[in-house]
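Everything below concerns the one structure shown next.
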Amino acid sequence: MTTAPSFTETRFDEVTVLAPAGGGAFPRGNTVVVHGSEATLVLDPSLDVDHDPVGADAVMISHAHEDHIAGLRHFDTAKYAHHDEVGGVRSLQVLLDGYGLTPDERAAVDAQIGDTFALPPGFPEAEGVGDGHVFDLGDLTATVVHLPGHTRGHCGVLVEPTGFFYIADIDLTSFGPMYGDVGSSVDDYLASLARVREVDARWYGTFHQKGVVEGAKDFRERLTAYEGVIHRREERLLAFLDRPRPLDEIVEYRLVYRPHVQMPFVNAVERRTAGLHLERLIRHGQVARSDDGSFHRR
Ligand SMILES: [Zn+2]
Numbered sequence: 001m002t003t004a005p006s007f008t009e010t011r012f013d014e015v016t017v018l019a020p021a022g023g024g025a026f027p028r029g030n031t032v033v034v035h036g037s038e039a040t041l042v043l044d045p046s047l048d049v050d051h052d053p054v055g056a057d058a059v060m061i062s063h064a065h066e067d068h069i070a071g072l073r074h075f076d077t078a079k080y081a082h083h084d085e086v087g088g089v090r091s092l093q094v095l096l097d098g099y100g101l102t103p104d105e106r107a108a109v110d111a112q113i114g115d116t117f118a119l120p121p122g123f124p125e126a127e128g129v130g131d132g133h134v135f136d137l138g139d140l141t142a143t144v145v146h147l148p149g150h151t152r153g154h155c156g157v158l159v160e161p162t163g164f165f166y167i168a169d170i171d172l173t174s175f176g177p178m179y180g181d182v183g184s185s186v187d188d189y190l191a192s193l194a195r196v197r198e199v200d201a202r203w204y205g206t207f208h209q210k211g212v213v214e215g216a217k218d219f220r221e222r223l224t225a226y227e228g229v230i231h232r233r234e235e236r237l238l239a240f241l242d243r244p245r246p247l248d249e250i251v252e253y254r255l256v257y258r259p260h261v262q263m264p265f266v267n268a269v270e271r272r273t274a275g276l277h278l279e280r281l282i283r284h285g286q287v288a289r290s291d292d293g294s295f296h297r298r
């Protein structure tokens with residue numbers, strides 16, 4: 001097969017991972033190709049995919065974020081995403097809605113997406129699939145595993161009998177899990193981490209930096225560290241609520257990004273992340289909300 005020279009191509013039996021030469025940090029990422037005897041499935045064609053390198057029979061999108069659909073326009077074939085996610089693949093405006101931005105933030109993010117990704121207005125032909133959907137590729141199956149939390153319809157794909165489990169933006173980075181969208185959920189994210197932990201695979205593939213982790217033991221250790229970031233954010237928030245704080249002050253304190261990071265979506269992500277942790281802590285009886293709208297530890 002021919003691919004753009006900007007990739008490192010690594011084979012895991014019937015699965016090929018196309019890793020950008022410069023690494024898979026945002027806006028780049030690793031594209032996965034599954035070669036069955038009867039059909040070829042591509043997962044998340046990234047920014048560096050500038051043509052269909054394999055004559056794909058289908059493309060599955062893990063979730064409607066611009067970096068995961070960046071190369072999709074080069075594929076003239078069936079396109080799929082989870083039912084809860086396919087709207088954002090069909091329409092870039094729906095994708096943007098998912099970020100829950102103010103009009104100014106939205107204009108800035110829209111411009112940034114335009115500059116970096118040059119996405120078309122959408123892929124209206126994309127079809128929705130559910131948890132457990134099986135792509136029959138002949139000698140292989142690729143099964144959709146719904147892993148919500150990052151977004152509502154975020155999915156992994158388990159390739160069998162190869163034993164390759166693509167887990168997309170459960171990306172095992174030291175930065176930690178991202179759950180700053182309108183459809184994000186901390187509880188769903190934790191449940192998804194528990195679900196992937198149960199899967200015995202030979203390889204676990206992520207979209208961003210880490211790439212592929214070999215063996216369940218190493219994977220579970222990395223998963224524990226990754227999940228730990230969620231708990232550390234919550235502990236930091238609890239410690240900060242030693243006196244009443246309005247939401248704006250918590251947003252400024254920053255649970256996710258470091259203080260110097262300036263990007264148009266940072267505030268929205270911080271606001272949403274703080275809101276989700278506050279909701280959780282209130283539900284667990286650890287935080288209370290005062291009449292003036294501020295939050296404090298109980
Ligand atoms: Zn994402």
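full-length UniProt numbering puts the first residue of the sequence shown at 1, with every later residue one more than the last. Where is the CB? At the ideal position from N, CA and C, for every residue including glycine. Nothing here was measured: the structure is a model prediction, and the numbers come from that model.
{"Check": "Classification of residue 85 by the beta-carbon crowding that lies within 10 angstroms, buried from 16 upward", "Outcome": "buried"}
{"Check": "Through-space distance from residue 252 to residue 259, alpha-carbon basis", "Outcome": "8 Å"}
{"Check": "heavy atom of ligand 1 below 7 Å from residue 68 C-beta", "Outcome": "yes"}
{"Check": "Of the residues 99, 80, 73, the one placed nearest residue 271, counting alpha carbons only", "Outcome": "99"}
{"Check": "Continuous beta strand (DSSP E) assignments of at least 3 residues falling wholly in the stretch 125–149", "Outcome": "127–129, 134–136, 141–146"}
{"Check": "Pick from 205, 288, 263, 221 that is closest to residue 246, judged by C-alpha positions", "Outcome": "288"}
{"Check": "Where the alpha helix (DSSP H) containing residue 107 begins and where it ends", "Outcome": "103–117"}
{"Check": "Proximity winner among 250, 131, 110, 173, relative to residue 361 (alpha-carbon distances)", "Outcome": "The chain is shown from 1 up to 298; residue 361 falls before or after that span and cannot be answered."}
{"Check": "Segment limits, beta strand (DSSP E) that includes residue 299", "Outcome": "Outside the displayed span of the chain (1 to 298) sits residue 299, for which this structure offers no information."}
{"Check": "Exposure label - residue 148; buried when at least 16 CB within 10 Å", "Outcome": "buried"}
{"Check": "Any non-hydrogen atom of ligand 1 within 7 Å of residue 146 CB", "Outcome": "no"}
{"Check": "Assigned exposure category for residue 115 - 16 Cβ within 10 Å defines buried", "Outcome": "exposed"}
{"Check": "Beta strand (DSSP E) runs wholly inside the stretch 152–194, at least 3 long, in chain order", "Outcome": "155–160, 164–168"}
{"Check": "Integer Cβ distance of residue 126 from residue 135, believed to fall under 8 Å", "Outcome": "That belief does not hold up - the Cβ atoms of residue 126 and residue 135 are roughly 15 Å apart, past 8 Å."}
{"Check": "Limits of the alpha helix (DSSP H) - the one that residue 299 falls within", "Outcome": "Given that the chain is displayed from residue 1 to residue 298, the structure contains no residue 299 and the question cannot be resolved."}
{"Check": "Exposure of residue 17, with buried meaning 16 or more beta-carbon neighbours within 10 Å", "Outcome": "buried"}
{"Check": "Within 5 Å of ligand 1: residues by beta-carbon to any heavy atom", "Outcome": "65, 169"}
{"Check": "Residue 188 versus residue 153 - alpha carbon distance", "Outcome": "11 Å"}
{"Check": "Residue 86 - containing alpha helix (DSSP H), residue span", "Outcome": "86–90"}
{"Check": "Backbone CA spacing between residue 146 and residue 242 [nearest angstrom]", "Outcome": "37 Å"}
{"Check": "Nearest-angstrom Cα separation, counted from residue 78 out to residue 31", "Outcome": "17 Å"}
{"Check": "Backbone secondary structure at residue 43 - three-state DSSP", "Outcome": "strand"}
{"Check": "Backbone CA spacing between residue 103 and residue 266 [nearest angstrom]", "Outcome": "14 Å"}
{"Check": "Buried or exposed (CB count within 10 angstroms, at least 16 for buried), residue 40", "Outcome": "buried"}
{"Check": "Reference residue 8; option with closest CA among 183, 67, 211", "Outcome": "211"}
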